[in-house]
Amino acid sequence: KISALFLADLYEEKKYYASGDKQDRIIVLSDMLPAESTRGYEQFAGEQVMTINGKEVQSLRQIQEALEEKAGDLAEIELRSGRKIYIPTGAGNPDLRENYGIEKKFRLRP
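Mapping to this note's numbering: the sequence shown position 48 is 203, numbers consecutive.
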């Protein structure tokens, strides 16, 4: 599991890269909403996301595109530890969104 100190050190070490440099972007799974459908996923909190479906990701927009590109399929998320998570793509989990009052799957600025 990646510690907060490790992430702070990683940020300090890499913050001098030019803006837009792929090494300047770190995507971390921060937390999981507790639900039957997410049981077991809490162990992945704090892990750095390296790839989705074999493609490197450096932005939330790229994650959104990867999770919506093949609706009804499974997305493979590879973490820095080498572990992989497989999640359904497309509509997301409407029950989970309803239980937590989440109106949209994504709320990214254009």
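Just so you know, even glycine gets a beta-carbon here, dropped at the ideal spot from N, CA and C.
Separation of Ala226 and Ser214 (C-alpha to C-alpha, rounded to the nearest whole angstrom) is 20 angstroms. Taken atom to atom, the span from the alpha-carbon of Gly256 to that of Glu197 is near 20 angstroms. Under the criterion of beta carbons closer than 8 angstroms, Glu233 and Met187 do not qualify as touching, at roughly 17 angstroms. Where Leu234 is concerned, the enclosing beta strand (DSSP E) starts and stops at Leu229 to Leu234.
For secondary structure counted as the beta strand (DSSP E) over 3 or more consecutive residues, the region 171-220 holds these complete runs in sequence order: 203-207. Scanning its chain for C-beta atoms nearer than 8 angstroms, with the 5 sequence neighbours on each side dropped, one finds around Asp228 the residues Pro243, Thr244 and Gly245, in chain order.
Counting C-beta atoms within 10 angstroms of its own C-beta, Phe261 has fewer than 16 neighbours from the protein chains shown and is therefore classed as exposed.
Minimum Cα-Cα distance from Ser192 among the listed residues Lys259, Asn254 and Glu258 corresponds to Asn254. Taking C-beta separations shorter than 8 angstroms and ignoring five residues to either side along the sequence, the partners of Ala230 in its chain run Ile207, Asn208, Ala221, Leu222, Tyr241, Ile242, Pro243 and Thr244, following chain order.
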